[in-house]
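Participant:
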Amino acid sequence: MFEALGNKLQDILDRVGRESKLTEKQVKEAMREIRMALLEADVNFTVAREFVARVTEKAVGQEVQGSLTGGQTVVKLVHDELIQTLGGETHQPTLKNEGNVWFMVGLQGAGKTTSTGKLAAFYKGKGRRVLLVAADTQRPAARDQLEVLANQVGVPVLKVADGETPQETKRRLDEYLKTDFRDLVIVDTAGRLQIDEALMDQLASLQAELQPTETLLVVDAMTGQEALNVARVFDERVHLSGLIITKMDGDARGGAALSARSVTGKPIYFAGTSEKLTGLEPFYPDRVAGRILGMGDVLGLIERAQQADLKAMEVKKPGEFDLEDLLLQLRQIRKMGPLGDLLKLIPGMSRALPEGFNVDEKQIQRIDAMISSMTAKERRNPKIIDGRRRKRIAAGSGHTVQDINRLLKMHEQMKEMMKMLQRMSGPGGMGKGMKPPRMPPMPPGMKR
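1 is the number of the first residue of the sequence shown in full-length UniProt numbering; add one for each residue after it.
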């Protein structure tokens, strides 16, 4: 979502960052370009104007800090101000030991029901006993959808009947909690295609009965600035406590997410990053700012590895790196998410990659299929894979013999690379007259 904006801001700040000293004219010119980039990304006009004004005020006449040049100081100011615009400190919903009732509100199509299931999965993983309440009686099959999600997560669901009053819902919920203790109740309420008084009256009545401790508005980031108008109207009637921005993995311009905190005054609690039940992340303003400016997100990368529960591989000598090890590594990396997304979390990688760089995830699956079609003996010792074996592996995996040949060649190149790197890192390294290693061709799945 932030890729286009990030590329423009990085281009501007790259030019500025190389300057040892900046005049007031240069600062204002750079800020004008930044303001245009923000407006093109659909950032609220007032938010963009105030952002640039604050950075300009701090940058003009700013004392250069420590070893930073004038240009680097401006880059730091833009980064710090971007964090503040996104919300400053990280905020999360308040959780007590018991009695937590969360209200999920929003328009139809924003991803409210899916986000309810994602929240259940997120907090169940943290040891909470979650109960979902399917209170969306307006949209066809909404309650059935939530029930399916609840079964996938492994939590119970209480379905509100057609025509049921808020008082009856409250009574049924209290009775349920007496027999099955739950410390987090998440209520999926009804939405509409547009805001109307009937929707607001219904929400207000249910809210008055259930007395939620948090009221979360689910906002579709792809609706742009209209999402912020929706947030204001909901806040006036049901008093929001925070936002969940969905579809952050889409290709919309991202201005709504950048403007949300400043316009609504409400913190962004979570961001939806995929359609999977695991595709919900706490919203960290500093990390998002780092991604936008190409500084990466090392903590995000570590958390993905922890969530994927990656197992430490046995350390082997480069010559012992076999196809079984390659398969295990590929499968562990795939648990962390799309490889293209992971690369962008590495500091500086988003700018280092060539324009149009793409990782073909299907090619990684094909490598998995080819190695899986080998016997354990063949994986451990690829040298025994002769022509007859290659034909069998190709037929078993649905590939050609040429594909098998390329895989085996890539594996040999990787082993040679590991040997070279090990010798370089040893005593003397490059200083012993050793030539730098010749980089092998880009492996399958990497396209330019």
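Here a beta-carbon is modelled for each residue, glycine too, at the ideal position from N, C-alpha and C.
With 16 as the cutoff for other CB atoms within 10 Å, does K118 come out buried or exposed?
Facilitator: Buried.
Participant: Classify A134 as helix, strand or coil using the three-state DSSP reduction.
Facilitator: If DSSP states are grouped into helix, strand and coil, A134 belongs with the strands.
Participant: How big is the Cα-Cα spacing for Q225 and T46?
Facilitator: Computed Cα separation, rounded: 12 Å.
Participant: When you compare only the Cα positions, how much space is there between A312 and E324?
Facilitator: Since pLDDT at A312 reaches only 48, below the 50 mark, its modelled position is unreliable, and the value read off the structure follows with that caveat. Straight-line Cα distance between these residues: approximately 14 Å.
Participant: Assign D180 to one of two classes, buried (16 or more other C-beta atoms within 10 Å of its C-beta) or exposed (fewer than that).
Facilitator: Exposed, since its Cβ has fewer than 16 Cβ neighbours within 10 Å.
Participant: From D174 to Q84, what does the alpha carbon distance come to, in whole angstroms?
Facilitator: Distance between the alpha carbons of D174 and Q84 is about 41 Å.
Participant: Terminal residues of the continuous alpha helix (DSSP H) containing I393?
Facilitator: Note, I393: alpha helix (DSSP H), 387 to 397.
Participant: How many angstroms separate the CA atom of H79 from the CA atom of L86?
Facilitator: When rounded, the distance between both Cα atoms is 11 Å.
Participant: Would you call the segment 112 to 127 in contact with the segment 158 to 168, where contact means no fewer than 3 C-beta pairs closer than 8 Å?
Facilitator: Touching, no.
Participant: Looking only at its chain, what residues have a beta carbon closer than 6 Å to the beta carbon of L149, apart from the 5 residues adjacent to it on each side?
Facilitator: Answer for L149: G117, listed in chain order.
Participant: Between L131 and L146, which are expected to be in contact by the criterion C-beta below 8 Å, what is the C-beta distance as a whole number of angstroms?
Facilitator: The Cβ separation is near 12 Å, so there is no contact.
Participant: Starting from the Cα of N381, find the closest Cα among V401, E412, T400 and give me that residue.
Facilitator: Nearest of V401, E412, T400 to N381, Cα basis: E412.
Participant: Quick check: what's the CA-CA separation for Q108 versus R192?
Facilitator: Roughly 5 Å separates the two Cα atoms.
Participant: In chain order, what residues of the same chain have a beta carbon less than 7 Å from the beta carbon of L38, not counting five sequence neighbours either side?
Facilitator: Around L38: A48, F51.
Participant: Does the beta-carbon of P93 have 16 or more other beta-carbons within 10 angstroms, so that it is buried, or is it exposed?
Facilitator: When all chains shown are included, P93 counts as buried.
Participant: Restricting to Cα atoms, I'd like to know which of T273, A271, L243 is closest to S262.
Facilitator: The shortest Cα separation from S262 among T273, A271, L243 belongs to L243.
Participant: Rank A30, P156, Q152 by C-alpha distance to the C-alpha of R129 and give the top, closest one.
Facilitator: R129 has its Cα closest to that of P156, out of A30, P156, Q152.
Participant: Going residue by residue through the segment 67 to 133, where are the continuous beta strand (DSSP E) segments of at least 3 residues, counting only ones entirely within it?
Facilitator: 100 to 105, all fully within the segment 67 to 133.
Participant: Quick one, are the C-beta atoms of residue 450 and N100 less than 8 Å apart?
Facilitator: No answer is possible for residue 450: the residues shown for the chain start at 1 and end at 448.
Participant: Between the C-alpha atoms of I34 and A289, what's the straight-line distance to the nearest angstrom?
Facilitator: For I34 and A289, the distance between alpha carbons rounds to 14 Å.
Participant: Short of 6 Å in beta carbon distance, which residues of its chain neighbour L68, apart from the five on each side in sequence? Order them along the chain.
Facilitator: Note that L68 scores 47 on pLDDT, short of 50, meaning its location in the model is unreliable and no value can be drawn from it.
Participant: Let me know the alpha helix (DSSP H) ranges lying completely inside the segment 16 to 56, each 4 residues or longer, listed in chain order.
Facilitator: As far as the segment 16 to 56 is concerned, its whole alpha helix (DSSP H) runs of at least 4 residues are 24 to 40.
Participant: Mind reading off the beta-carbon distance from V218 to G106? Whole number of angstroms is fine, and I expect it under 8 Å.
Facilitator: With a Cβ gap of about 4 Å, V218 and G106 count as contacting.
Participant: Under the three-state reduction of DSSP, which class applies to F234: helix, strand or coil?
Facilitator: It is helical.
Participant: Can you tell me whether P282 is helix, strand or coil according to DSSP?
Facilitator: It is a strand residue.
Participant: So is K409 buried or exposed if we call it buried at 16+ other beta carbons inside 10 Å?
Facilitator: Result: exposed.
Participant: Ignore the nearest five residues each way along the sequence and tell me which others in P91's own chain have a CB closer than 7 Å to its CB.
Facilitator: Here residue 91 turns out to be His, not Pro, going by the sequence shown. So the qualifying residues of the chain are G242, P267, Y269.
Participant: Which value, in whole angstroms, describes the spacing of the CA atoms of A260 and P285?
Facilitator: Distance between the alpha carbons of A260 and P285 is about 12 Å.
Participant: Anyone know if the C-beta pair for K247 and G111 falls short of 8 Å?
Facilitator: Yes, they are a contact pair.
Participant: Exposed or buried, A53, counting other C-beta atoms within 10 Å across all chains shown (16 or more means buried)?
Facilitator: By the 10 Å Cβ count, A53 comes out exposed.
Participant: Between the alpha carbons of residue 464 and A135, how many angstroms are there, rounded?
Facilitator: There is no way to answer for residue 464, as the model of the chain reaches only from 1 to 448.
Participant: Tell me whether T375 is buried or exposed, calling it buried when 16 or more other Cβ atoms sit within 10 Å of its Cβ.
Facilitator: Label assigned to T375: exposed.
Participant: Which word fits T384, buried or exposed, when buried means at least 16 other C-beta atoms lie within 10 angstroms of its C-beta?
Facilitator: Per the sequence shown, the amino acid found at residue 384 is Ile instead of Thr. I384 is exposed by the Cβ-count criterion.
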